[in-house]
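Trainee: One structure is given below, represented as structure tokens, and several questions about it will come after.
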Amino acid sequence: MSVVRVSGIRLYYERRGAGAPVLIIPGISTIVSDYRPLVDGLAAAFDVVVYDNRGSGASDKPDEPYSMPLLASDAAGLLRALGIGRAHVMGFAMGGMVAQRLALDFPQLVSRLVLVGTHAGTKSSTRPSREVGRAFQSPTEDWAKRMRALARYAFAPDFAAREPERYAAFVRKKSADVEPFYAYRRQLEAALGYDTYDLLPALTIPTLVITGADDAIVPTANSRVLAERIPHARLVVIEGAGHLFFAERPAETLRALREFLL
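Residue numbers (the working numbering): 30 to 291.
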């Protein structure tokens, strides 16, 4: 098991491929194994590192306040521990918030920035529907029940009917990836207390903002705000896909990523 010690905690990571370094920062409720198909698609051209955030997977889960600056510091520490001086940084949902903070606080570490299905903070964000919001913030500690509820909103509306086997496999996997409820809450609190809207015009790093057209969890309007606020950012919308568009439409996603990063 590959582990480095950063900021007093252990972070689990996996590393594959050769080429320019790419750091993948996962979203809330997702872990390294959720990104392996994407890593497989990128590893032919890049040195890809993906890790479990504090509070997730095989990384440590201290029961103390988390924040985006803290999570960004973890990411910076991981890059330094691995001897990576500069990387393309790709953040998914909550990981996209971490990636924004990393680019703002440690710009020397970021070559190119990819913001995936994320937003600029609670002050400026377009919220999901009340139904979706309740599924995320429900106090239930039944992990499998929570994952079944969230799975309903993670894909395009017709995905379960169109791809029943893939949908069922996703629900089974995520129901088995049990995380302590307190750690989930710590990550959620960090996400809810975050805002970079006013800081984004200072970003000069080449940026790709990419989202699913049918994202019910982080509505697509949020990606448009990011693309407008970050100078010269490029926006890509994957049609016929939801929040987890990279799992629904892997070929289109990889094509967009390669075009931007190569």
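Cβ atoms here follow ideal geometry from the backbone N, Cα and C, with glycine treated the same way. Values in this document were obtained by computation on a predicted structure and should not be read as measured data.
Taking one C-beta from the region 72–84 and one from the region 37–55 each time, how about it: are there three or more such pairs within less than 8 Å?
Mentor: Touching, per the Cβ criterion.
Trainee: Taking only three categories from DSSP, how would you classify Pro-50?
Mentor: Numbered from its first residue, the sequence shown carries residue 50 at position 21. Strand at Pro-50.
Trainee: Going by DSSP in three states, Val-32 sits in which element: helix, strand or coil?
Mentor: Walking along the sequence shown from the start, residue 32 turns up at place 3. It is a strand residue.
Trainee: If we ignore side chains and look at the alpha-carbon of each, how far apart do Ala-219 and Phe-188 end up?
Mentor: The count along the sequence shown starts at 1 and reaches residue 219 at position 190. The count along the sequence shown starts at 1 and reaches residue 188 at position 159. Rounded to whole angstroms, Ala-219 to Phe-188 spans 30 Å at the Cα level.
Trainee: Is any heavy atom in the ligand NAD found nearer than 7 Å to the beta carbon of Thr-225?
Mentor: Because no ligand of any kind appears in the structure shown, any question about the ligand NAD cannot be addressed here.
Trainee: Just to confirm my understanding: we take Asp-134, look at its own chain, exclude 5 residues before and 5 after, and list those with CB closer than 6 Å. What are they?
Mentor: On the sequence shown, position 105 is the one that residue 134 refers to. Contacts found: Ala-101.
Trainee: Mapping the DSSP letters down to three states, classify Arg-39 as helix, strand or coil.
Mentor: The residue given as residue 39 occupies position 10 in the sequence shown. Three-state DSSP puts Arg-39 in a strand.
Trainee: Starting from the Cα of Leu-228, find the closest Cα among Met-126, Tyr-42, Ala-122 and Asp-103 and give me that residue.
Mentor: Position 199 of the sequence shown, counting from 1, holds the residue named residue 228. Comparing Cα-Cα distances from Leu-228 to each of Met-126, Tyr-42, Ala-122 and Asp-103, the minimum goes to Met-126.
Trainee: From the DSSP output, in three-state form, read off Arg-163 for me.
Mentor: As a position in the sequence shown, residue 163 is number 134, starting the count at 1. Helix at Arg-163.
Trainee: Report the start-end ranges of each alpha helix (DSSP H) in the region 56–136 that is 4 residues or longer and not cut off at the edges.
Mentor: 65–71, 97–110 and 123–134, all fully within the region 56–136.
Trainee: Ignore the nearest five residues each way along the sequence and tell me which others in Gly-84's own chain have a CB closer than 7 Å to its CB.
Mentor: Residue mapping note: residue 84 aligns to position 55 of the sequence shown, counting from 1. So the qualifying residues of the chain are Lys-90, Tyr-95, Ala-212, Arg-215 and Gln-216.
Trainee: Can you find the residues in the same chain that come closer than 8 Å, C-beta to C-beta, to Arg-141, ignoring five residues on each side of it along the sequence?
Mentor: Within the sequence shown, the letter at position 112 stands for residue 141. Within the same chain, Arg-141 has close Cβ partners His-117, Val-118, Ile-234, Pro-235, Thr-236, Leu-237, Phe-289 and Leu-290.
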